[in-house]
Amino acid sequence: MSGRCVIGVDLGGTKILAGLVDADGAIQKTAEHPTPTDSQDALLDALVRVVGELRTPDVEAVGFGIPARIDRRTGIAFGAVNVPIQEVPFRKVLEERLGLPVGAENDAGAAALAEFVHGAGRGAADLVLLTLGTGVGGGIVLDGRLYHGWAELGHMVIVEGGEPCQGSCHGHGHVESYCSGPAADRLAARVLGEGRTSFDLVEQKHPALDELGRHLGAAIGSIVNIFDPEIVVVGGGFGIAAGELLLGPAREMIRREALDPGGERVRVALAELGASAGLIGAGLVAFDVLG
Ligand SMILES: [Zn+2]
């Protein structure tokens, strides 16, 4: 291993994936544990433990990608839906317990940074990432820097008074109501019968996916109208699996809804780093702390 190294930790709803990451973004060694979901204390203990497993004297900082909103000024994490994190001063607590500089970002933000530096957005000036998984996450990189607002792109309204959103979100007609994996499962049950899933829709290249792709395209069209990004990257387990079955109809909608010339020139591509994006991104967050 050459030069500096850090530990990146991708905290998911079901597992904690941590890795020793070098300055080239290469993962040298990983550790994986189930995510404790019974209490915040148990979760924080598990994060400290996984860092301890990978730590070497060369490690200079630790970066976390967490499925929560983070107040950039205070480092307080809140608003997590799938993990027991409630208004904890995340960065400060972990810095004290680890004795190392700590950075923390929203998990989709970390993944956006990874795709920008090492994945589908290499060489682009700016990038927006949408992850279609259990929920719909978003990350925005503008002029080479991760945007530190919420970037909750999954909770944009695309259908006024539409389907109810998921989890703790009380809104309606949000991107997540239509384009998440569970939303695709509901669509599958409706068009193929009870018990059928998004996997069946993808396997059959079912035309119902066009509708889902158009919802995604409506969202991306609005994103283009706000940010005019060079590239929009679609990732997440369901997003990658459905791939062009969604991106084809999405591109038609983008051309319809986005102002000229943004809709014509924006590239819409699939994420390239797969399940490693969050981990690589958490490593970049750690390097960012070191400056
Ligand atoms: Zn919502």
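For the sequence shown, the numbering used here begins at 31 and goes up steadily by one.
The beta-carbon is built from N, C-alpha and C at its ideal position, and this holds for glycine as well.
query: Rounded to the nearest angstrom, how far is the Cβ of GLY91 from that of ALA307, given a contact under 8 Å?
result: Inspection of the sequence shows that residue 91 is occupied by Ala rather than by Gly. In fact, because the Cβ distance is near 19 Å, the residues do not count as touching under 8 Å.
- prompt: So which residues put a beta carbon under 6 Å from any heavy atom of ligand 1, going in chain order?
  reply: HIS185, CYS195, CYS199, GLY201, HIS204 and GLU206
message: Distance check for GLY165 and ALA218, CA to CA, integer angstroms please.
response: 17 Å
- prompt: Where DSSP assigns a beta bridge to CYS35, which residues make up the other side?
  reply: ASP52 and VAL89
Beta-carbon gap between ALA213 and GLY168 smaller than 8 Å: no
- prompt: Between GLY109 and the rest of its own chain, which residues show a CB-CB distance below 7 Å, the 5 nearest in sequence each way excluded?
  reply: ALA98 and ARG99
task: With distances taken Cα to Cα, identify the nearest neighbour of ASP40 among ASP54, VAL205, VAL232 and VAL78.
output: VAL78
- prompt: Thinking just about the alpha-carbon of each residue, which of GLU182, GLY223 and ILE261 is nearest to the one in ARG152?
  reply: ILE261
- prompt: At what residues does the alpha helix (DSSP H) containing ALA218 begin and finish?
  reply: 211 to 222
- prompt: Is the segment 216 to 234 touching the segment 173 to 182 in the sense that three or more CB pairs, one from each, lie closer than 8 Å?
  reply: no
- request: Whole angstroms is fine: what's the gap from VAL123's alpha carbon to ALA107's?
  value: 11 Å
query: So which of PRO259, GLY179, GLY49 and ALA56 has the shortest CA-CA distance to GLY33?
result: ALA56
task: Confirm the yes/no value for this check: CB of HIS204, any heavy atom of ligand 3, distance under 7 Å.
output: For ligand 3, the structure offers nothing, since it holds only ligand 1.
task: Round the Cβ separation of ILE284 and VAL298 to the nearest angstrom and send it over; I've been treating them as touching at under 8 Å.
output: 7 Å
field: Reduced DSSP secondary structure (H/G/I, E/B, other) of ILE325
entry: No information on residue 325 is available, as it lies outside the stretch 31 to 321 that the chain covers here.
- request: Can you have a look at GLU182 and say buried or exposed, based on whether 16 or more other CB atoms are within 10 angstroms of its CB?
  value: buried
Rounded straight-line distance, which links the Cα of PHE146 to that of GLY304: 13 Å
field: Span separating the alpha-carbon of ALA150 from that of GLY313
entry: 17 Å
message: Comparing C-alpha positions only, which one of GLY278, PRO66 and HIS200 sits nearest to LEU242?
response: GLY278
task: On a CA-only basis, which of PHE317, GLY321 and LEU300 is nearest THR161? Give me that one, please.
output: LEU300
Whole-Å CB distance - PHE268 paired with SER207, under 8 Å assumed: So it is not a contact: roughly 14 Å between Cβ atoms.
query: Going straight from the alpha carbon of LEU246 to that of ASN255, what length do you get?
result: 14 Å
query: With a CB to CB cut of under 6 Å and the five nearest residues on each side skipped, what residues in its chain are close to PRO237?
result: none
query: In terms of alpha-carbon separation, which member of ILE96, GLY265 and GLU135 lies closest to PHE317?
result: GLU135
task: Report buried or exposed for ARG286, applying the criterion of at least 16 other Cβ atoms within 10 angstroms of its Cβ.
output: exposed
field: Proximity below 8 Å, CB of GLY203 to CB of GLY184
entry: no
query: Once you ignore the five residues that flank GLN116 on each side, which residues in its own chain have a CB closer than 8 Å to its CB?
result: GLN70, PHE108 and ALA110
- request: Report the three-state DSSP secondary structure of VAL111 (helix, strand or coil).
  value: coil
task: List the endpoints of the continuous alpha helix (DSSP H) containing LYS122.
output: 120 to 128
- prompt: Is LEU314 helix, strand or coil when you go by DSSP?
  reply: helix
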